[in-house]
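Heads up: the sequence shown at position 363 corresponds to 389 in my numbering, and the numbers run straight through without jumps. Ideal Cβ positions, reconstructed from N, Cα and C, are used throughout, including at glycine. This one's a predicted model, so the numbers in the text were calculated from it and none came from an experiment.
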Amino acid sequence: MFLKQVILKNFKSFKGKNVIDFPAVITGIVGPNGSGKSNIIDAIRWALGEQSFKNIRVDKGQDLIFAGNNQEGSASFCEVELIFDNQKKLFNSDFTEISILRRIDKEGNNEYFINHKPCRLKDIIDLTASAKIGLKGFSIINQGAVENVFLVSPQERRMMLEEVLGLKNLELKKEEAKRKLEETIINLDKTLALEKEILPRLRFLKRQVARWEKREALEQELKDNEKKYFISLLHQLYTEEKYEPQNLEQLSNELNKLNALIKEKENNLISVKEDQNKELELTIQNITQEIINLQDERSELLRELTRQEVNTEINYSLNDFKNAIINVQATLKKLLSYTEITEIHNEIEKLIKDIDELLIPHKKEVNNKVIEELQSKLNNLEAQLKAKNELLKQNEANLRQSNTNFRSQYDEITELRNKKEEILKLIQKEELANEKYNLKLNDIKRRISEANYNFEEIESYYEQNKDLVVLDNEINDLERQIFRLRRELAEIGVEDQNVINEYQEVNSRYEFLSQQIEDLSKSINDLKILIKELTKDIENSFNQALASINHDFNRYFRLMFNGGFAKLEQIKRNKTSENEGNEENEEEKEKEANDNQPLDETYWGVDIKIDIPKTNLKSIEILSGGEKTLVALALLFAIINQSRPPLVIVDEIDAALDEDNSRRFAQILKELCRDTQFIAITHNRMTMAAAQILYGVTLSENNSSQLLSIKLEDSDKILK
């Protein structure tokens, strides 16, 4: 059997522990009114998770605990355990036996257990839904439930059918998906609000950080350009200036050698010059002495001529000779100022010639003796003069040779001095180049230092990256780029680490929220798809089952009423038509418009359509109580036959049946018990006759319910 056992502990009127076994497919429970037999149904309903106190006929949960009597006090708790056979795996569980237990204490605390392990109420509802038993379907049916078939709305009637058809599990999944969808939408709205709240601050911080991130790029670009600029300046300096220190050193060495040579030459020339001057002075001294001697001879001659009483003409001639001598003296004085020997020689010759010319006219006028003497003297004088002339010629030749050597040495010195001037010019040029080179180099070093670089670092970079050197006409462009980058960096300013930290924190929060929004949006979409798929599966299964139910509903209806027609008809009502003016509905429509809330366009319901033979009764609202019971039983049997639930519990639903319909009712129970286990609380003998086992419930003297297993023939005694 599906339900193997029910164990009651201090539940309602059942004191202590009471065990009820259900070994048969149809079990009848009989007993007088007030004995507590319906408490067994309440116990099963409560253990399955019932939350309505009304459905279990109490005002509060503590009322379920055995209240005690005159002899015994009340219990501190109560519990109900249902034990099911799961060998056919009707439950979604691998266990072959399933135990569902619920306990409540006097404080109203509820505890739930599956196979004696604590669980949630939801776990029990999900488990029982997988086995097609539940509280909203037709698993537990009492007289009120029969009437509810007609009293409930089409939507509730559909829900009852879905549960008994085993669609409850799908409905639970759908409801769970809807619940999750609503929660996800709420979370999405909250997350969007949080994102919207931090977004302005994030944008502001992002702009700031972006500028600083740009600063890093600009700094790197500036660094690269500066290095390229500096190595280009070095390359230009090293190649275009072409300054080589060894050139200046070489020129200085050449200059020193040349100075020494010029000094040596000049010293030699000075020495030769001094020798020549000495020789010239000596020659002049000799000539002067000779002139003095000539003057003495002239004086002597004059005395002699006076003694000879030379005539006036001779006197005149002597006067002329005196004048000539005076001229010679003057000439000699003039010669003393000459520096060239050649000119002295010429003057001497001229002097001799003048003397000859003065003497010739007077040779005839003097006496022979005087003439002879004078002639002799003159001859001596001429001889001397001739000797001197020869000496002068020799000196002249020597002087010419000396002058030639002097001029040669002087020209050589002049050439050396010219060469010295050229070297000095070259040295000056090299020194200027050196100074210019050093000025440029120092300027480059200054720029490198101002840019916070080390000169050695730049030189090393230059050696390793000569391919980065730009052309001379590009250096100015590179310099302008550097100025531009420095200006941009100055405008950006220095980064604030606090702002960066805040940005990282806010951005991390934003990314987290964005990821949440993405995940939530995906979840919403997935849940919508799931809801749509579940709705489709439910509708397909429900439509198929409804066709079969209608077939059996019509068959059982015709059996109960000896003809006629009955069916379940699906109706469709727009949700907005049921909630006009409802503000919540307006909010839902608004959410749907925003694609945040999936709003069912239609709700499906089920209505009952009947046609009782030989009457015009076509509406269930105008049926009598007995007729309603027959219609409800026909529908109940059709649903059970279609859904084949493992367990159905009925509580005196056959009370209003006459004998014929009671017989039909019992016959249908026997027909349906092939797939369904029935537990029937009844007073109807036909129903009792259909049961394989009967339990009797009686009220003991201490007002507690007692269970008895009875035979069918003893049931009348118990009922009395």
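In the region 134–173, which residue ranges form an unbroken alpha helix (DSSP H) of at least 4 residues, counting only runs that do not cross its ends?
Every alpha helix (DSSP H) stretch that sits fully inside the region 134–173 and reaches 4 residues is listed by chain position as 147–156.
Does the beta-carbon distance from I124 to L198 come in below 9 Å?
no
Assumed close pair S156, N195 - CB separation to whole angstroms, cut-off 8 Å
5 Å
Give me the Cα-Cα distance between F583 and I636, rounded to the nearest whole angstrom.
Going by the C-alpha atoms only, they are around 9 Å apart.
Name the two residues that bound the continuous beta strand (DSSP E) containing R128.
Judged by DSSP secondary structure, R128 falls within the beta strand (DSSP E) whose first and last residues are 123–131.
I543 Cβ short of 8 Å to the ligand GTP heavy atom set
Here there are no bound small molecules, and the ligand GTP is not part of this structure.
Relative to the C-alpha of L572, which candidate in R183, K249, D545, N406 has its C-alpha closest?
R183
Under 8 Å Cβ to Cβ from Q507, same chain only, skipping five residues before and after it: list those, please.
N251
Same chain only: Cβ atoms within 8 Å of N533, ignoring 5 sequence neighbours per side
The beta carbon of N533 sits closer than 8 Å to those of L228, L231, K232, all from its chain and outside the five residues before and after it, given in chain order.
Which same chain residues, not among the five before or five after I474, have their C-beta less than 6 Å away from its C-beta?
F256, F481, I484
Residue from A715, D684, E476 whose Cα sits closest to the Cα of K696
A715
Continuous alpha helix (DSSP H) assignments of at least 4 residues falling wholly in the region 488–533:
Counting whole runs of 4 or more residues, the region 488–533 contains the alpha helix (DSSP H) stretches 498–518.
Please check the pair I550 and L214, which I expect to be a contact at CB under 8 Å, by giving their CB distance rounded to whole angstroms.
7 Å
Beta-carbon within less than 7 Å of S363's beta-carbon, same chain only, minus the 5 sequence neighbours each way: which residues are those?
Residue confidence is low: S363 scores 48 on pLDDT, short of 50, so the model does not pin down where it sits. No coordinate-derived value is stated.
For L720, count neighbouring Cβ atoms within 10 angstroms of its own Cβ and tell me buried if that reaches 16, exposed if not.
In the assembly as shown, L720 is a buried residue. Its beta-carbon has 16 or more other beta-carbons within 10 Å.
Please state the DSSP three-state secondary structure of N444.
helix
Among residues of its own chain, excluding the 5 on either side of Q31, which ones have a beta-carbon nearer than 6 Å to its beta-carbon?
For Q31, where only same-chain residues beyond five positions count, the Cβ hits under 6 Å are D47, I109.
Where T53 sits in the DSSP three-state scheme
Assignment of T53 by DSSP, reduced to helix, strand and coil, places it in the strand class.
Can you name, in chain order, every residue of its own chain whose Cβ lies under 6 Å from the Cβ of L734, other than the five neighbours on each side?
Cβ contact annotation for L734 (same chain, cutoff 6 Å, sequence separation greater than five): G722, in chain order.
May I ask which residues mark the beginning and end of the alpha helix (DSSP H) holding Q181?
180–190 is the span of the alpha helix (DSSP H), which, as asked, contains Q181.
Measuring only the C-alpha atoms, how far is F103 from S39?
13 Å
Considering only DSSP beta bridges, list what V32 is partnered with.
Answer is I46, L108.
Should the region 499–513 be called in touch with the region 274–281, which here means at least 3 C-beta pairs below 8 Å?
no
From M586, I646, S650, G631, residue whose alpha carbon lies closest to that of F663
M586
Tell me whether D633 sits in a helix, a strand or coil according to DSSP, three-state version.
Of the three classes helix, strand and coil, the one that applies to D633 here is strand, per DSSP.
When the distance is taken between beta carbons, is L725 closer than 9 Å to G94?
Against a cut-off of 9 Å, the Cβ pair of L725 and G94 comes out as no contact.
Please classify A413 as buried or exposed, where buried requires at least 16 other C-beta atoms within 10 Å of its C-beta.
exposed
Near K471, what residues of its chain come up, given a Cβ to Cβ distance below 7 Å and the 5 sequence neighbours on each side ignored?
Within the same chain, F481 come within 7 Å of K471 by CB-CB distance, once the 5 residues on both sides are set aside.
Taking the alpha helix (DSSP H) that A716 belongs to, which residues open and close that run?
711–716
Same chain, Cβ closer than 7 Å to N36, five either side skipped, listed in chain order:
G42, I91, F92, A101, F103, C104
Taking the alpha-carbon positions, what's the L656 to I543 distance?
56 Å
Could you compute how far the alpha carbon of Q420 sits from the alpha carbon of L458?
56 Å
Roughly how many angstroms lie between the CA atoms of K80 and N168, to the nearest whole one?
13 Å
State the Cα-Cα distance for the pair N294 and E280, rounded to the nearest angstrom.
21 Å
Is there contact here, the region 690–704 with the region 661–676, by at least three beta-carbon pairs under 8 Å?
yes
Candidates D578, K640, I564: which alpha carbon is nearest G590's?
K640
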